[in-house]
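Data block below; observations after.
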Amino acid sequence: MRCVRWLAGIVGVAASFYVLGYAAIGMPTLGTAYWAARSQDRYCALRVPDGCDFLTQKFCGNSSTPPGNFHRKLARCMGSARKKSERVSCALVGSSSHLLTVAEGARIDAHDVVIRMNGAPDGFGKADRWLAKCVGRRTTVRFVNRYGLVPNGSAVPECVFVTDPVGSCRKPKCWNTSEDVKAKVECRPEQSERRKRRWMEHSLVVVDDLHPLLAQHFLTASKKLRHWFYRTIGFTAFTYAIATCDSVTVYGFGTSCDGLEGVRYYEALKPVQPRHPYNVELALMEEVAAEGSGSKAVKKGIAGWMRAANVAVYTPPCLQAPPVQAHDVCRPGGSRR
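So the sequence shown is numbered by my numbering: it starts at 55 and just counts up by one.
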């Protein structure tokens, strides 16, 4: 019932999100910052022959589906199927190792929706139950980048958003601007053929060209960013969360308790990429938490997109002032690391 309650989203906003032949009347391309910022009422879904939904702004036309007509599963994943009186809470769970020092798992699971990224495991599976006390056991939505590294044994999400799917688009920054719908987009990341069947059988797969663009524009429009950097999958998921949920609590973003960037609570197969502006993204999250939709970053970057009335960024005691000495609450096999 919790998934049905949440997965319900932006009725008031979505009612105005109808798309009628924009490509046919010569709308500007999605690659321009102008369109990204001022045409938030223009996005749609295209059914990919491979069996999933392609979420986009650029390729909306007579053959596309506007949000008001999304099928039931896609409407739930996009938050456009709930009653106006419903208020949905979302937990966005990052992968910082500082999560192991706090017993926040029960509070994370108490949210209507739990959003995770890439290969970050929850505590659902037998091998990862030791994590449950710290990171929770539930996963409702998972955002996946080009590597498609979904953890084995974790809860199967209802929705999987693929931000770097297979296609003939190979230019740098390709998915920062837009894919060409003629590029034979497939319902899987670039490097995840063997995981394709699992996703198609158990989760609704959405090839997402919308939220990556919004997140990138949100990031680059900020005065906090002095040079061009590529947004992270976590910041993309944050943009999705504040556009879809009524309240958002952010966990597991930021440094380790030792002040190190990129130290995860699990062993990852791919290293942290230095080209990502992690500190800038966290600063933007904290600004949104403090100022809401009235923040300059929101007004300049994603005006009109934000639904969440309340946003909070959880900071563990070890990173607060004054810092508290931290020890791992969650340890595999009960041994202190």
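Ideal placement from N, C-alpha and C gives every residue a C-beta, glycine not left out.
Secondary structure at residue i, three-state DSSP: helix, strand or coil?
i: V378; result: coil
i: R161; result: helix
i: D107; result: strand
i: L373; result: helix
i: R391; result: In this prediction, R391 scores a pLDDT of 39, lower than 50, which makes its location untrustworthy; the coordinate-derived value is nonetheless stated afterwards. Coil at R391, not helix or strand.
i: A291; result: helix
i: T303; result: strand
i: P386; result: helix
i: F215; result: strand
i: P331; result: coil
i: T119; result: strand
i: P243; result: strand
i: F283; result: coil
i: T309; result: coil
i: H125; result: coil
i: A337; result: helix
i: A209; result: coil
i: V189; result: helix
i: F272; result: helix
i: S347; result: helix
i: I296; result: helix
i: G355; result: helix
Identify, in the order they occur along the chain, each residue of the same chain with its Cβ nearer than 7 angstroms to the Cβ of residue i, setting aside the five sequence neighbours on each side.
i: T290; result: F197, T217, H265, P266, A269
i: K354; result: A275
i: V168; result: A145, V147, I162, G190, R192, T193, T194
Per DSSP, residue i is paired with what?
i: V171; result: The displayed chain sequence assigns Met, not Val, to residue 171. Per DSSP, F197.
i: C98; result: T110
i: A366; result: T303
i: C144; result: V167, V302
i: V261; result: F108, V216
i: S150; result: R318
Tell me, to the nearest whole angstrom, how far the beta carbon of residue i is from that of residue j; I am working on the premise that it is less than 8 angstroms.
i: Y305; j: L146; result: 7 angstroms
i: L185; j: G173; result: 13 angstroms between Cβ atoms; not a contact.
i: D163; j: V142; result: Actually they do not touch by this definition, with Cβ atoms about 15 angstroms apart.
i: L338; j: A351; result: 5 angstroms
i: V383; j: C241; result: Going by Cβ atoms, the distance from V383 to C241 rounds to 38 angstroms, so no, they are not a contact pair.
i: T286; j: E335; result: 6 angstroms
i: H330; j: F283; result: 6 angstroms
i: P175; j: T194; result: At roughly 15 angstroms, the Cβ-Cβ gap does not stay under 8 angstroms, so P175 and T194 are not in contact.
Do residue j and residue i have their beta-carbon atoms positioned less than 8 angstroms apart in this structure?
i: A209; j: R183; result: no
i: L109; j: V261; result: yes
i: V317; j: S310; result: yes
i: V189; j: Y319; result: yes
i: P243; j: N199; result: yes
i: R361; j: A297; result: yes
i: G308; j: L373; result: yes
i: A366; j: A343; result: yes
i: A135; j: S118; result: no
i: M132; j: P121; result: yes
i: D107; j: L128; result: yes
Under 6 angstroms Cβ to Cβ from residue i, same chain only, skipping five residues before and after it: list those, please.
i: Y294; result: H265
i: K227; result: For K227, the pLDDT reaches just 46, beneath the cut-off of 50, and the residue's location in the model is therefore unreliable, although a value from the coordinates is still provided. Here the set comprises nothing.
i: P371; result: V378
i: C299; result: V142, C144, A362
i: Y97; result: Q111, L264
Excluding the 5 residues preceding and the 5 following residue i in the sequence, name in chain order all residues of the same chain whose CB lies nearer than 8 angstroms to its CB.
i: R126; result: A135
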